[in-house]
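Q: One structure, pasted below without further comment.
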Amino acid sequence: MTPELTDDYHERTSLTGYRFGFAAIGTLAGAGAAWPIIGLMKDKDMGFILLGAVFGGLMMVTAFITVFTTKEPAELKPARSMGFFKTYIEVFKNGPYLLILSTYILHIIALTIVSQVAAYYFDYVLAARNVMNPKDEITKAMLILIGTALLFIPVSVLLSKKFGKKLVYGAGFVIFSAGLVALFMFGDKKPVNFTMIMMLIMGSGLGFLYVPPFTIVADAIEYGYLQTGERREGSFFGIWTWGFKLGQALAALSMGWILQLMGYVKGALPQTPSAELGIRLLLGPISAAVFILAALVLYFYPITEKRYSEIQEQIKEMETAKAKSA
Numbered sequence: 164m165t166p167e168l169t170d171d172y173h174e175r176t177s178l179t180g181y182r183f184g185f186a187a188i189g190t191l192a193g194a195g196a197a198w199p200i201i202g203l204m205k206d207k208d209m210g211f212i213l214l215g216a217v218f219g220g221l222m223m224v225t226a227f228i229t230v231f232t233t234k235e236p237a238e239l240k241p242a243r244s245m246g247f248f249k250t251y252i253e254v255f256k257n258g259p260y261l262l263i264l265s266t267y268i269l270h271i272i273a274l275t276i277v278s279q280v281a282a283y284y285f286d287y288v289l290a291a292r293n294v295m296n297p298k299d300e301i302t303k304a305m306l307i308l309i310g311t312a313l314l315f316i317p318v319s320v321l322l323s324k325k326f327g328k329k330l331v332y333g334a335g336f337v338i339f340s341a342g343l344v345a346l347f348m349f350g351d352k353k354p355v356n357f358t359m360i361m362m363l364i365m366g367s368g369l370g371f372l373y374v375p376p377f378t379i380v381a382d383a384i385e386y387g388y389l390q391t392g393e394r395r396e397g398s399f400f401g402i403w404t405w406g407f408k409l410g411q412a413l414a415a416l417s418m419g420w421i422l423q424l425m426g427y428v429k430g431a432l433p434q435t436p437s438a439e440l441g442i443r444l445l446l447g448p449i450s451a452a453v454f455i456l457a458a459l460v461l462y463f464y465p466i467t468e469k470r471y472s473e474i475q476e477q478i479k480e481m482e483t484a485k486a487k488s489a
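Numbering (this note's numbering), first residue to last: 164 to 489.
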C-alpha cells in the first residue's frame, strides 16, 4: 500500500522504515518469546498449541488494527480491467521496475544463501576448529546480525534522505559483501569472536537493505502509472512477491548443487576439506559476488529524486487533462 498511502519521495522512505523497524523487533521478540511460552505448559505438544494460539491471536489483532486504521486516499479509483495477460505485459514494459525487480531477486538469492548456509558454517567449519556449541553460537550470531540491522534501519532512512535511496541500497550490498569476503579469508583461522564481529559488520549492511527496495519500487510503480494512466499496484507487487519466491528457489537450487558438487555429506563429522571449502565459498565469495552483481544492476536504475519530481508534475498534468475531458 506504500504507493497509495503517500506520493512523497522521502515520506515513503520513512513509512517503510517504520514498517521494517517493527518487523525486525517482531522477529527478535518472537524468537525470544517462543520457548518461554512453550515452557508454560508441562506437555510440550500443548506448549506448541499455546504458542500458535498466542502468536495467531497477535497476528489477527494487528491485522485488524491495520484494516480499521489505515485509510486509502478518497480520490483513488479502481483501475479499468485490462485482462490478465495485458495487465502483466504492461508491468514488464516498465523499465525502471524491471531493473529494481532484478536487483531485488539477486538481493534475495544472496541473502537466502547466507541465512541458510550460516548453520552449516557453524556446524562443520567453526565447530571443527573450536570448542563450542554450534547451536548456541549460531543463535548468538543471528541475534547480532538482526539486532545490528535493526539499529541501522533508522540510519538508512536518514542517509536515504541525504544521499538518495539508490546509494544507500548499493552501500548495503558493498558493506555486506566486505564482511562476507573477510569471513571467507580469515573466519576459519580465527576464534569464533571474529565471526561475531563480521556478523556485526554484515548486520550494518543488512540494515541498509531493508527499506530502500520497497521505497524504490514504489517510485517505479508511479512511473508505470504515468505510462498507462492506470494504477495497478496489485499487479506490480504480485510480480514483486513472485520475484522474492524465485530468488529463494534459485538460492536453494544453487546451494544444493554447489554443496553436492563439493562432496558435502549430511551429518558427516568431520566434512571433507572440499566440502568445507564449498560451505566457505557459499558464505563468502559466491554470496558476495551476487550482492555486487545486484549493485551493478541497481546502478542503471534511472529514477532519482529530481526525476521523480518530474514524474509527479507530469502525472498532475495528465490527471488535470483527464478531469477536463471527463
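Virtual Cβ for every residue (Gly too), placed ideally from N, Cα, C.
(1) Ignoring anything shorter than 4 residues or poking outside the region 441 to 466, list the alpha helix (DSSP H) runs there in chain order.
(2) Using three-state DSSP, classify V337 as helix, strand or coil.
(3) Closest to K249 by CA distance: which of S398, E476, I449, A196 is it?
(4) I'd like the list of long-range same chain contacts for F315, defined as Cβ closer than 6 Å, with 5 residues on each side in sequence excluded.
(5) Can you give me the C-alpha to C-alpha distance between G219 and F183, rounded to a whole angstrom?
(6) Pull up the distance between the alpha-carbon of A187 and that of L446, whole angstroms please.
(7) Y386: which of I474, I272, I228, G202 sits nearest, CA to CA?
(8) Hey, G410 and I272: beta-carbon distance below 8 Å or not?
(9) Assess, as a yes-or-no matter, whether the region 317 to 332 is touched by the region 202 to 211 under the definition of 3 or more beta carbon pairs within less than 8 Å.
(10) Whole angstroms are fine: how far does the CA of L372 sit from the CA of N293?
(11) Leaving out the 5 sequence neighbours to the left and right, which residues in its chain are closer than 7 Å to L322 when beta-carbon positions are compared?
(12) I'd like the list of long-range same chain contacts for A216, defined as Cβ closer than 8 Å, with 5 residues on each side in sequence excluded.
(13) Nearest to M425 by alpha carbon, out of G406, R443, K298?
(14) Using 8 Å as the cut-off, can you tell me whether the region 253 to 260 makes contact with the region 280 to 288, which would need three or more C-beta pairs spanning the two stretches below that distance?
(15) In the DSSP assignment, find the unbroken alpha helix (DSSP H) run with K479 in it and report its ends.
(16) Rounded to whole angstroms, how far is the Cβ of S278 from the Cβ of F454, which I believe are closer than 8 Å?
(17) Going along the chain, which residues of its own chain have a beta-carbon closer than 6 Å to the beta-carbon of I402, five neighbours each way excluded?
(18) Tell me the DSSP secondary structure of F183 in three-state form.
(19) In whole angstroms, what is the alpha-carbon distance linking L461 and Y388?
(20) Compute the beta-carbon to beta-carbon distance between V355 and E300, rounded to the nearest angstrom, for a pair I have assumed lies under 8 Å.
(21) What three-state label does DSSP hand K324 in the structure shown?
(22) State the start and end residues of the unbroken alpha helix (DSSP H) segment that holds Y388.
(23) Looking at C-alpha atoms only, which residue of G392, A412, L432, G333 is the closest neighbour of Y464?
(24) Which residues bound the alpha helix (DSSP H) around Y267?
(25) With distance defined between alpha-carbon atoms, name the residue in V224, G180, M361, A226 nearest to M348.
(26) Where does the unbroken alpha helix (DSSP H) through M361 begin, and where does it stop?
A: Straight from the coordinates:
(1) Entirely contained in the region 441 to 466, the alpha helix (DSSP H) runs reaching 4 residues are, in chain order, 450 to 462.
(2) Along the sequence shown, read from residue 1 onward, the residue named residue 337 stands at position 174. V337: helix per DSSP, three-state reduction.
(3) Along the sequence shown, read from residue 1 onward, the residue named residue 249 stands at position 86. The residue from S398, E476, I449, A196 with its alpha-carbon nearest to that of K249 is S398.
(4) Here residue 315 corresponds to residue number 152 of the sequence shown, with the count starting at 1. Hits under 6 Å: S367, G370.
(5) Residue 219 sits at position 56 when you count from the first residue of the sequence shown. Residue 183 sits at position 20 when you count from the first residue of the sequence shown. In a straight line, the C-alpha of G219 is about 20 Å away from that of F183.
(6) Along the sequence shown, read from residue 1 onward, the residue named residue 187 stands at position 24. Along the sequence shown, read from residue 1 onward, the residue named residue 446 stands at position 283. Distance between the alpha carbons of A187 and L446: 22 Å.
(7) In the sequence shown, counting from the first residue as 1, residue 386 sits at position 223. Cα-wise, what sits closest to Y386 is I474.
(8) Mapped onto the sequence shown, residue 410 falls at position 247. Mapped onto the sequence shown, residue 272 falls at position 109. Result yes, Cβ atoms of G410 and I272 sit closer than 8 Å.
(9) no
(10) Numbered from 1 along the sequence shown, position 130 holds the residue referred to as residue 293. Numbered from 1 along the sequence shown, position 209 holds the residue referred to as residue 372. N293 and L372: Cα-Cα distance of roughly 32 Å.
(11) In the sequence shown, counting from the first residue as 1, residue 322 sits at position 159. Correct list, in chain order: V331.
(12) Within the sequence shown, the letter at position 53 stands for residue 216. If we look at A216 and ignore the five residues flanking it on each side, it has no Cβ neighbours.
(13) For this step, residue 425 is matched to residue 262 along the sequence shown. Residue R443 is the option with its Cα nearest to M425.
(14) Inter-segment contact for the region 253 to 260 and the region 280 to 288 is absent: fewer than three beta-carbon pairs are separated by less than 8 Å.
(15) Position 316 of the sequence shown, counting from 1, holds the residue named residue 479. Unbroken alpha helix (DSSP H) run through K479: 468 to 488.
(16) As a first step, residue 278 must be located in the sequence shown, where it is residue number 115. As a first step, residue 454 must be located in the sequence shown, where it is residue number 291. Contact doesn't hold; Cβ gap of about 13 Å is too wide.
(17) Taking the sequence shown and counting its residues from 1, one reaches residue 402 at position 239. V254, listed in sequence order.
(18) For the purposes of this step, residue 183 is taken as the residue at position 20 of the sequence shown. Helix, per DSSP.
(19) Counted from its first residue, the sequence shown places residue 461 at position 298. Counted from its first residue, the sequence shown places residue 388 at position 225. In this structure, the straight-line span from the alpha carbon of L461 to that of Y388 is close to 21 Å.
(20) Counting from one through the sequence shown, the residue named residue 355 turns up at place 192. Counting from one through the sequence shown, the residue named residue 300 turns up at place 137. Going by Cβ atoms, the distance from V355 to E300 rounds to 6 Å, so yes, they are a contact pair.
(21) Along the sequence shown, one-based indexing puts residue 324 at 161. Helix at K324.
(22) In the sequence shown, residue 388 corresponds to position 225, counting from 1. Where Y388 is concerned, the enclosing alpha helix (DSSP H) stretches over 375 to 391.
(23) Locating residue 464 in the sequence shown gives position 301, counting from the first residue. The candidate whose alpha carbon is nearest that of Y464 is G333.
(24) Locating residue 267 in the sequence shown gives position 104, counting from the first residue. That run of the alpha helix (DSSP H) goes 258 to 283.
(25) Here residue 348 corresponds to residue number 185 of the sequence shown, with the count starting at 1. Ranking the options by Cα distance to M348, first place goes to M361.
(26) In the sequence shown, residue 361 corresponds to position 198, counting from 1. In the DSSP assignment, M361 falls within the alpha helix (DSSP H) that extends over 355 to 370.
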